[in-house]
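Structure, as structure tokens:
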Amino acid sequence: MAESDALAEFRRTLRGWLAGNVPPPPPFKLPQTFLEVETEAQFRWLQAWQQRLYDAGYVGFDVPEEYGGRGIDPARQAIVAEELIEARAPFLVNFIALHWAGPTILLFGTEAQKRRLLRPLLRADEIWCQGFSEPGAGSDLASLQARAVQQADGSWRVTGHKVWTTVAHFARWMILLARTEEGVNKYASLSYFLCPMEAPGVSVQPLVKLNGEGGFNQVLFDDAPMPADALLGERGQGWNIAMATLMFERGAAERGGKERAAAFFAQLGALVAVAERTPLGAGTVAEDPVFRQRVAALWVEGQAIALSAMRASATALNAERPLALPLMSKLVASEWAQRLAELACEMLGPEAALSLEDPAAPFGGEWPRAFMNSFGMTIGGGTSQILRNILGERVLGLPKSK
Amino acid sequence: MAESDALAEFRRTLRGWLAGNVPPPPPFKLPQTFLEVETEAQFRWLQAWQQRLYDAGYVGFDVPEEYGGRGIDPARQAIVAEELIEARAPFLVNFIALHWAGPTILLFGTEAQKRRLLRPLLRADEIWCQGFSEPGAGSDLASLQARAVQQADGSWRVTGHKVWTTVAHFARWMILLARTEEGVNKYASLSYFLCPMEAPGVSVQPLVKLNGEGGFNQVLFDDAPMPADALLGERGQGWNIAMATLMFERGAAERGGKERAAAFFAQLGALVAVAERTPLGAGTVAEDPVFRQRVAALWVEGQAIALSAMRASATALNAERPLALPLMSKLVASEWAQRLAELACEMLGPEAALSLEDPAAPFGGEWPRAFMNSFGMTIGGGTSQILRNILGERVLGLPKSK
Amino acid sequence: MQPRSPLPLLPLPPADFGYSEAHAQIQASARRWLAEHASAAELRRLETDPVGYAPSTLPALAELGWLELGCPADGAMDHLSVALLAEEQGRRLLPSPWASTIVAAALLAQAGTPEQRERWLPPLVAGQATLSVAFQEPRGVWHPEQLRSRAVRQGDGWQLTGSKLAVAWGQRADALLLPTRSAEGLELFVVERGALEVVAEATIDSTRRSARLGFTGLELTERERLEPSAAGAALGGALRLARLLLAAELVGVSEAVLALTRDYACLREQFGKPIGAFQAVKHPLVDVLTELELSRSLVLSAALACGGPDEAGADTLVAMARWHSAEGALRAVQHGVQLHGGYGFTKDCDVHFYFKRALASRGLLGTNVELGAELARRLFGGS
Amino acid sequence: MQPRSPLPLLPLPPADFGYSEAHAQIQASARRWLAEHASAAELRRLETDPVGYAPSTLPALAELGWLELGCPADGAMDHLSVALLAEEQGRRLLPSPWASTIVAAALLAQAGTPEQRERWLPPLVAGQATLSVAFQEPRGVWHPEQLRSRAVRQGDGWQLTGSKLAVAWGQRADALLLPTRSAEGLELFVVERGALEVVAEATIDSTRRSARLGFTGLELTERERLEPSAAGAALGGALRLARLLLAAELVGVSEAVLALTRDYACLREQFGKPIGAFQAVKHPLVDVLTELELSRSLVLSAALACGGPDEAGADTLVAMARWHSAEGALRAVQHGVQLHGGYGFTKDCDVHFYFKRALASRGLLGTNVELGAELARRLFGGS
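Okay, here's the thing in structure tokens:
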């Protein structure tokens, strides 16, 4: 299917713009994804990139113009996504905002909320973080304990303890799930807030990930005030709104299949590069039949995942089982990426032990880092175990396990 | 550790006897294990072999002489087992009797029961089958419904439906688990019987396995009489006795580790033979690096399983976790054997489809047959799923899943 | 930034995967017809049937248009429709030489002489004749370059010597298509069955019968030889189509086993609840689901690519689809037997039909080890 | 009856696996000592320590007899004791150059000149000196036949050129043992650290530090050369011992992760019950358990074989133990992180120490792909 002339022209223009505007690598180490943004320098550099891209008119093709977007235009959005990968541009640092908070606000927000929040979100002027998980409520999210109490003037006070809050230390806003109602079941007693992070009583403490990187935090709320209009949707509707956010988080969103496909191909290309450039005996890993077979298997699986991301939007082809592809995409993609990083480490042999700090580390030490980071994806946003429950129950109709 | 002179002499004599007495293959197809004995001809031929081996003095080294055994002598028992494998002798058809019913009777039987039953059991004069599972009670064995009612004269009447009863069509006796008590919990209401199969009201109907072989049955009891002394142990003690039988069945028995090790090596040797004799391109499968790697992995795992079978009896080395090796042996061995048979089929390529009946089938069509039969071992005697529960709960002390 | 190596560019499907209303109708009507005409009871009846399929099946499929879709006179076909039908057929394991016949027809349509096409294509499309391509040879050989069957010129004609195996429904085919090699290269012949030594194979899979063929010094004329200039491309296309159909069928196999096992897991109770509530049952079933959905994406994309201009890309996607669906189906049937427990180990349970099909299919037209090596060559070059 | 091919005969352990009361005591006392002296808090403290282990550790281990067991003056040792200690050490990840030192000592004891043995063995056994063998070279090379480090005769002495990496605790060792190749074959040298260019590697695993070494035209005398006649056998033995220790340590790693995760699964509640009640948590933990018990059987048997006459058999068993325990440990730590959920992804959770050790160990002294090929050669011959 050939692109229309207008779209092809758009792609050409964008490609030209990217050629002139993608910045060279900074003098410091960049994080692998938005999950690992740690230092102020990294953050500022990445924020500037998103701002520049926004100002050039390339961010916001899923947000109407009146809210600061570029109008709903999935075709252009997909082209931007593909070309960003192609040009190896930096990732967009306001990831949670763009992919989870933004769509949720667009779906459930008041006109005022949309007008106030979406533009600075798209431009990375205001960063968003997510406050769902708690120390005692991970897989069993609905058992969370954070509590918001409405005051006489309609404003709120929140007390609680959130964990796993990526980029909280740079965030202006949090999408926050808290208990507001008494005497109803645990699902019906939750509400969803757009919580300002600069309020008194909010403190952000960094957590350190297993690979030593920061970028994720715990956030303590000690009777912290929120204005009345911090509430998104209705009181007690929090669980349903949160499920929408989680669907976005798990990749069910309408993000372009081709964009996601391009991301898989980029990962595979990186694995192939490891095989081709890693010496083994007289040749390279790419000549070893056992490694070749394993790479081929990952190629097949990656191609299947990429094609499935594209197929997810072909509604007619998913009539029998409409939820399967959206609900499975995070599960299969995160486990595949984990196997891929593990295989890359195996190819490196003893040098897989070398870390980012070692100047002699092959590929800059990115692979053991990537392997460890891969668990962020098989745990965060619903563990693989929970996702298998959900698929079994909601897609196959099997009885509940809980 | 060198064998004592007496044992070495025993081994030499046995080896000589086997050389002269192991029969040549019969004109009909032999079953792969006791689970597949189907025809009268197969049965008679195998029965004659066990009788001959018994008469020569080589069966029953785990049964005292007064009951027809050869006295408790694990060393000689192990030697017999090893040499039988070495000589590729036929298996002993009264398998359930020798390994499950016999040890249970020895442990829980009255003097009269032991005197009456053990000798004909060892000589395969009387065949035993097992009546535990029912259509509605597989993994959840304790929910079985067969009912035995004691009569005024102390005798019993049993009504129920047992399945999965290997060799029932040749059996003189069944170890039978039935409900006898009312108003107590499901475990305490079971009793264990040594049930005569020739009674009126007992009917045996063959079941056909997925690969088309017979050898296993369902048995219907319609108010069938059992004498008073059919009861083993006490009323209501059935569950505990059944657990002992299942421990024997799952390989926890004191059978020689070396015997079991020899069985693993035999299976591996058969796999290696497939690799070496199956042409692939200009050479054989054994020259293909990918298949080589897979065979090596199975070799390592098989060696580990074999060594673990031997280690199970080194008490001092299992002090930390005494139940682990006995409870895991069936699980790991059956899953390993399944992978092995699957790999052999993969080596055969398109010819893995050829069945026993095809004269051109490689290795007589035994491998697809073995692969299908392997599920008998991952399902029967506790499915792999149930065994993982048991290991998790009894060895790791994790909370119950049910 | 990680350094990256370029991957081979594979054809990508359009946004709607080329799936039209017409496809939906074909699929729905196939499903209706199969629900009426294909059943496990019929599979049981046919197990002992010497032919192995109902004689009425092929004419009925012809009437439904299945054969026309697969063997259009102009040599082109809608691969997507054919793949969808193959999946439906795999779900029910409908025994019939449908797939082998359309593969043979595609080969004939592309490389047959006008006379051969005239002779065979009309009865094929009408369901009145069946043909089968003898791809597979002993020693795991199937690659057109490695065939050991030999064709030698003998005066005006040819002498053929060789052997073939696993020829789908070869024992009932009216004629066989024989790929061989001569001094000049690849040669294809169409030979009536009576001229060959044909022995029905005894296999584990009663739902797709097969035969081995032998021929020693078989004398043939030019009339039985297909156009040599078209032979290579036509055999490549037929192999691609055969692999695609196999892959699509195996997706159907996984679907069927998943449905059977899921239903059983909802009904069968142990420990006071349906076994499907246990994660030890639920999670493997989810893995079957995710694998088969991934396979389906490959099969659909491969089918679309088969109609496109990039033959190497189509070959690669077809190899991927075949690889993935065969692995997935074998896992699916293993879980199917295991999770049915004791019942799954019996022939009373329908899963065994699917088990055997999956096991018998895995090694056809390239084992997965060979396919892996083929794909690695595409990725890395080398041997 | 299936046809069978003979397998290589491997040494089988005696019925009691050679495990005596003395072994039980060694194990118990090691466990007691470690419970007191090794802790996650100490691992955290040492993460930023430039040395990486407490200076008091090695003398303390010497006092416990750990070094004596590993470096007896007559060149023989009780491999079973050493393997048991290595497992205990792996459970706690006690940082110390114990393992690398006894491997070096075994090499020196077998191939050192009387002067070298006199110079090094007494302080080694006393925990007053450390040595390390530089097995590994760039490009994944470790096999003694494939080494690229070169020794060239230069008048009365030698000139060495080469590089080494992943040398355990090489940055603190008093001297390094350098395997090289000369025109005559394998040559071993013992060189004080100061003579070499030694750079500490920055690795993911803070509990076992390592270094890379470079030497270009390094001038050495005969006094630094080990007995050439014994070099091959001694290096083979040292490699065997190093792999055995690695395997035993990795069993300890799996044990520790299993214990941590099992305890967490009993405490952590979700959906109103401990997560260990869910089969999605329970069954993977059981798989960790069964794998580590299988690994243990291989490690114990390999240790016994190392003391026996069949060196090729011992090599094979050691390779198996190393292969299996590395695979098992990597699975164990992956489940360990995953089943701890969000907490497992943080450095607060102790699992990360084990994760890094398992990942860093897998590629040492032969990747599992190489070991698989090595084992296949034993089984099938060929290359």
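Protein chains in written order, with the numbering used here: chain C, 49 to 450; chain E, 49 to 450; chain X, 476 to 858; chain H, 476 to 858. Heads up, the beta-carbon is just placed ideally off N, CA and C, and yes, glycines get one too.
Proximity test, Cβ basis, 8 Å: residue i and chain C
i: H827/H; result: yes
i: Q253/E; result: no
Contacts that residue i makes with chain H (C-beta to C-beta distance below 7 Å)
i: S356/E; result: E768, L769, S772
Under 9 Å from the C-beta of residue i: neighbouring residues of chain H
i: R359/E; result: P488, F492, E768, R771, S772, L775, S776
i: N437/E; result: Q754, K757, H758, V761
Contacts of residue i in chain X (Cβ-Cβ under 8 Å)
i: V380/C; result: T765, L769
i: P327/E; result: P613, R614, G615
i: A352/C; result: L769, S770, S772, L773, M795, H799
Cutoff 8 Å: residue i Cβ touching any chain X Cβ
i: A89/C; result: no
i: V443/E; result: no
i: E302/C; result: Summary for E302/C: the model assigns pLDDT 48, below 50, so the residue's position carries little reliability; its value from the coordinates is reported in the next sentence. Not closer than 8 Å to any Cβ of chain X, the Cβ of E302/C fails to qualify, so no.
Short CB-CB distance (under 8 Å) between residue i and chain H
i: Q98/E; result: no
i: K448/E; result: yes
i: I144/C; result: no
Proximal residues of chain C, C-beta to C-beta of residue i below 9 Å
i: V107/E; result: Result: empty, since nearest Cβ-Cβ is about 47 Å, beyond 9 Å.
Short CB-CB distance (under 8 Å) between residue i and chain E
i: Q341/C; result: yes
i: A752/H; result: yes
i: A723/H; result: no
Whole-angstrom distance between residue j and residue i, CA atom to CA atom
i: L661/H; j: V763/H; result: 41 Å
i: V616/H; j: A807/H; result: 27 Å
i: G445/E; j: K748/X; result: 23 Å
i: N233/E; j: W287/E; result: 11 Å
i: R683/H; j: T605/H; result: 14 Å
i: I501/H; j: A778/H; result: 16 Å
i: E390/C; j: A752/H; result: 29 Å
i: W176/C; j: Q285/C; result: 21 Å
Chain-ordered chain C contacts of residue i [CB-CB under 7 Å]
i: W798/X; result: V348
Interface partners of residue i on chain H, CB under 8 Å
i: V338/C; result: V844, G847, A848
i: K257/C; result: F820, T821, K822
9 Å Cβ cut-off: residues of chain X touching residue i
i: E324/C; result: S480, F855
i: A30/C; result: Since the first residue of chain C shown is 49 and the last is 450, residue 30/C is not available in this structure.
Interface residues of chain X facing residue i [CB-CB closer than 7 Å]
i: V320/E; result: Simply none; closest approach about 17 Å.
The ligand HEM heavy atom lying under 7 Å from the CB of residue i
i: S575/X; result: Judged by which ligands are present, the structure shown has none, so any question about the ligand HEM falls away.
Contact list for residue i against chain E, beta-carbon separation under 8 Å
i: L555/H; result: None at all; the shortest Cβ gap to chain E is about 10 Å.
Any chance the segment 561–572 of chain X sits against the segment 524–543 of chain X, with 3 or more Cβ pairs inside 8 Å? yes
Check whether the segment 362–379 of chain E and the segment 487–494 of chain H touch, using three or more Cβ-Cβ pairs below 8 Å as the test. Yes, the segment 362–379 of chain E touches the segment 487–494 of chain H.
For the segment 273–291 of chain E and the segment 198–207 of chain E, state whether three or more C-beta atom pairs, one from each stretch, are separated by less than 8 Å. They touch, by the three-pair rule.
Within the segment 137–223 of chain C, note down every full alpha helix (DSSP H) run reaching 4 residues or more, in order along the chain. 150–156, 159–170
Three-pair Cβ contact test at 8 Å for the segment 424–437 of chain E versus the segment 753–767 of chain H: Below 8 Å, enough C-beta pairs join the segment 424–437 of chain E and the segment 753–767 of chain H to call them touching: three or more.
Inspect the CB distances between the segment 666–678 of chain X and the segment 712–722 of chain X and report whether three or more fall short of 8 Å. no
As an exercise, report each continuous beta strand (DSSP E) stretch of at least 3 residues that is fully enclosed by the segment 606–659 of chain X, in chain order. 606–608, 625–629, 632–643, 650–657
Sufficient close CB pairs (3 or more, under 8 Å) joining the segment 680–700 of chain X to the segment 765–776 of chain X: no
I'd like the ranges of any alpha helix (DSSP H) spanning at least 4 consecutive residues and lying wholly in the segment 282–322 of chain C. Entirely contained in the segment 282–322 of chain C, the alpha helix (DSSP H) runs reaching 4 residues are, in chain order, 286–295.
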